[in-house]
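Undergrad:
In the working numbering, the protein residues as written are 1056 to 1612.
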């Protein structure tokens, strides 16, 4: 972090060079100046993510260009020139298209061929294009589910996965070498096209992506009633075209789209926090459900890698968590593959360490191995890559994480909201045809495998003071070894040590005496510290009481 004199110097340079931000820079308060310039926006395995605006701690054309130049230099240093190819995509956020164009101009100026989607697309489409077009990297301009004031820059490796920790460190080192105003190369897109260094991705790539998703069906020609009433909202993001297309081609024709959230709009006027994990983002869709008497609500976040749902339960609609949907999908896929003799000899299911442990019990019941990885879908993608290297790609059954991310195939190496929407609708139709609701099926799984409650609780701390606060809280919990109130701690796992062969990560796991767990970790993309609770009990009422008691330990935040 910069000291005050360094902040003032950096601020002066931006006033001199970033003339398009003159008004904003001239009217900044001292606190604004500190927050915008106290550090360079951090680059890691998730790329960049930050608030839009001028400054080194903000997302803007300068920080995007600098990051792109650092990535370009990394590519030139680590790949033969015959492999200098990058896939590029962007979502509906403010300035996403501009930032995509900026990145393309920088890559092309460094002699790197750019394949760009001609319109906004879901993030899994970039992961897909990287492998389909044999690129050495991919970039998606997105801030996923964050509020409108955010944008970001997600980087993929040649395997279609988000970059590894080692790659992130090397790219970050290249970025840090650069002067943000003097060391960036650029050529116009017109010149890049003339030089053969830029072209738009053809429609057949998207067509192929859709076919891959439809191939994930586990109905195996079994007849189900697909005339279920579906309400879908893309939350003003990228999901409209691909999700409705996949559902239509799969035979789901009774789909109502939430009009107010249909058109891409980075201001997200009806859902300020466009995250299907948040009830407020689902409220408009729920009202549509009541209006048309829908069976199910499907929602994807702005870059369409997350998918949330609500289902009709009696006269009301019940939201299902990411863990609950994941359990249902895992059981459904395993059931169908077993029933039709499609289960591979050594099947594998992958989940993150903070994802519900009950999934492992369900997998075991079907003879499926569970692999636990660190938080972040890129680690699930890496397992798929390892299986592929071992000639076991078809052994992958599915993977999911508690934060509404799912993937049932190996065609991409990131979570896919299009795939999730399709598989959820197929599962829903299968059970509805048999007179079974998803809530009813979930209760059956709990009775069979054990009751549990998994929940996430986040606390936000902004600016340099907020960063210090988060570090202080993590330090405090590293010295905690007795209890969470009346719940005794049996053992603690600190993943910063690199436990069980996993990469080092700033995550703490508290194992309680009754088998419940508490995970603590700072967010890698937001100014938050997160607490994941995994509570065990004999029934739902007991779970809620236990959760409330554990949560009382965090109230002082």
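Don't be surprised by glycine CBs; every beta carbon is placed ideally from N, CA and C. None of these values were measured; they are calculated from a predicted model.
#1: What residues in its chain sit with their C-beta under 7 Å from that of residue 1267, if we drop five residues either side in the sequence?
#2: Can you tell me the Cβ-Cβ gap for residue 1344 and residue 1461, rounded? I've got them flagged as a contact below 8 Å.
#3: Could you give the distance in angstroms between the alpha-carbon of residue 1107 and the alpha-carbon of residue 1419?
#4: Distance check for residue 1592 and residue 1506, CA to CA, integer angstroms please.
#5: Measure the alpha-carbon distance for residue 1166 versus residue 1252 and round it to whole angstroms.
#6: Looking at the secondary structure, which residues open and close the beta strand (DSSP E) in which residue 1254 lies?
#7: Could you tell me if residue 1603 is buried or exposed, where buried requires 16 or more neighbouring beta carbons within 10 angstroms of its beta carbon?
#8: Using the beta-carbon count (16 or more within 10 Å), is residue 1484 buried or exposed?
#9: Going by DSSP, which residues form a beta bridge with residue 1044?
#10: Since residue 1424 sits in a beta bridge, which residues does DSSP pair it with?
#11: If you draw a straight line from the C-alpha of residue 1429 to the C-alpha of residue 1558, how long is it?
#12: Roughly how many whole angstroms lie between the Cα atoms of residue 1556 and residue 1114?
#13: Among 1332, 1196, 1369, which has the Cα closest to the Cα of residue 1379?
#14: Compute the Euclidean distance between the alpha carbons of residue 1508 and residue 1413, then round it to the nearest angstrom.
#15: Going by C-alpha to C-alpha distance, which of 1265, 1149, 1330, 1287 sits closest to residue 1301?
#16: Could you say which of 1350, 1258, 1225 lies nearest to residue 1132 if we only look at CA atoms?
#17: Measuring alpha carbon to alpha carbon, tell me which of 1219, 1529, 1092, 1116 ends up nearest residue 1155.
#18: Alpha carbon to alpha carbon, how far is residue 1171 from residue 1382? Give it in angstroms, no decimals.
#19: Is residue 1475 helix, strand or coil when you go by DSSP?
#20: For residue 1338, is the classification buried or exposed, using 16 other Cβ atoms within 10 angstroms of its Cβ as the cut-off for buried?
#21: Relative to the C-alpha of residue 1527, which candidate in 1583, 1077, 1479 has its C-alpha closest?
#22: Can the beta-carbon of residue 1111 be found closer than 8 Å to that of residue 1118?
#23: Take residue 1544 and list the residues in its own chain whose beta-carbon comes closer than 8 Å to its own, dropping the five residues that flank it on each side.
#24: Classify residue 1444 as buried or exposed, calling it buried when 16 or more other Cβ atoms lie within 10 Å of its own Cβ.
#25: What are the start and end residues of the beta strand (DSSP E) that includes residue 1575?
#26: DSSP beta-bridge partners for residue 1587?
#27: Rounded to whole angstroms, how far is the Cβ of residue 1321 from the Cβ of residue 1147, which I believe are closer than 8 Å?
#28: Decide yes or no for the touch test of the stretch 1199 to 1217 against the stretch 1386 to 1397: beta carbon pairs closer than 8 Å, at least 3 of them.
#29: Give every residue of the same chain whose Cβ lies closer than 7 Å to the Cβ of residue 1198, excluding the five residues on either side of it in the sequence, and list them in chain order.
#30: Among the candidates 1346, 1367, 1160, whose CA atom is the shortest distance from the CA of residue 1249?
#31: Can you tell me which of 1184, 1364, 1211, 1095 puts its alpha carbon nearest to the alpha carbon of residue 1233?
#32: Apart from the five residues on each side of it in sequence, which residues of its chain come closer than 7 Å, Cβ to Cβ, to residue 1515?
#33: If you scan the stretch 1302 to 1329 from start to end, which runs of the beta strand (DSSP E) of 3 or more residues do you find wholly inside it?
#34: Work out the CA separation of residue 1214 and residue 1278 for me, nearest whole Å.
#35: State the Cα-Cα distance for the pair residue 1162 and residue 1185, rounded to the nearest angstrom.
#36: Give me the Cα-Cα distance between residue 1601 and residue 1517, rounded to the nearest whole angstrom.
TA: The structure says:
#1: Excluding its 5 nearest sequence neighbours in each direction, residue 1267 has C-beta neighbours in its own chain below 7 Å: 1464, 1466, listed in chain order.
#2: Cβ atoms of residue 1344 and residue 1461 stay farther apart than 8 Å, at about 21 Å.
#3: In a straight line, the C-alpha of residue 1107 is about 46 Å away from that of residue 1419.
#4: Whole-angstrom Cα-Cα distance: 6 Å.
#5: CA-CA distance, residue 1166 to residue 1252, rounds to 7 Å.
#6: That run of the beta strand (DSSP E) goes 1253 to 1255.
#7: Around the beta carbon of residue 1603, fewer than 16 other beta carbons sit within 10 angstroms, so the residue counts as exposed.
#8: Counting every other CB atom within 10 Å of its CB across the protein chains shown gives residue 1484 a total of 16 or more, marking it as buried.
#9: What the structure shows of the chain is the stretch from 1056 to 1612, and residue 1044 is not part of that stretch, so it cannot be assessed.
#10: Within the DSSP secondary-structure output, residue 1424 pairs in a beta bridge with 1403.
#11: The alpha-carbon atoms of residue 1429 and residue 1558 are separated by roughly 8 Å.
#12: When rounded, the separation of the alpha-carbon atoms in residue 1556 and residue 1114 is 35 Å.
#13: Looking at the Cα atoms, 1332 is the closest of the given residues.
#14: If you take the alpha carbons of residue 1508 and residue 1413, they lie about 10 Å apart.
#15: Out of 1265, 1149, 1330, 1287, the CA that lies nearest to the CA of residue 1301 is found in 1265.
#16: Considering only alpha carbons, the answer is 1225.
#17: Looking only at 1219, 1529, 1092, 1116, the smallest Cα-Cα distance to residue 1155 is reached by 1116.
#18: If I take the Cα positions, the gap works out to 36 Å.
#19: In the three-state reduction of the DSSP assignment, residue 1475 falls in the helix class, which pools H, G and I.
#20: Exposed is the call here.
#21: Nearest option by C-alpha distance: 1583.
#22: Going by C-beta atoms, residue 1111 is nearer than 8 Å to residue 1118.
#23: Only 1535, 1536, 1537, 1538, 1565, 1566, 1567, 1568 meet the Cβ criterion.
#24: Classification for residue 1444: exposed.
#25: Start and end: 1572 to 1577.
#26: Answer by DSSP bridge pairing, in chain order: 1511, 1574.
#27: With 8 Å as the limit, residue 1321 and residue 1147 qualify as a contact, their Cβ atoms being about 5 Å apart.
#28: The stretch 1199 to 1217 is not in contact with the stretch 1386 to 1397.
#29: Correct list, in chain order: 1104, 1148, 1205, 1206, 1207.
#30: Of the candidates 1346, 1367, 1160, the one whose C-alpha sits nearest the C-alpha of residue 1249 is 1160.
#31: It is 1095.
#32: Excluding positions up to five away in sequence, the list reads 1582, 1583.
#33: Taken in chain order, the complete beta strand (DSSP E) segments of 3 or more residues contained in the stretch 1302 to 1329 are 1310 to 1312.
#34: Per the coordinates, the alpha-carbon of residue 1278 lies some 37 Å from the alpha-carbon of residue 1214.
#35: Rounded to the nearest whole angstrom, the C-alpha separation of residue 1162 and residue 1185 is 15 Å.
#36: Using only the alpha carbons, I get a separation of about 30 Å.
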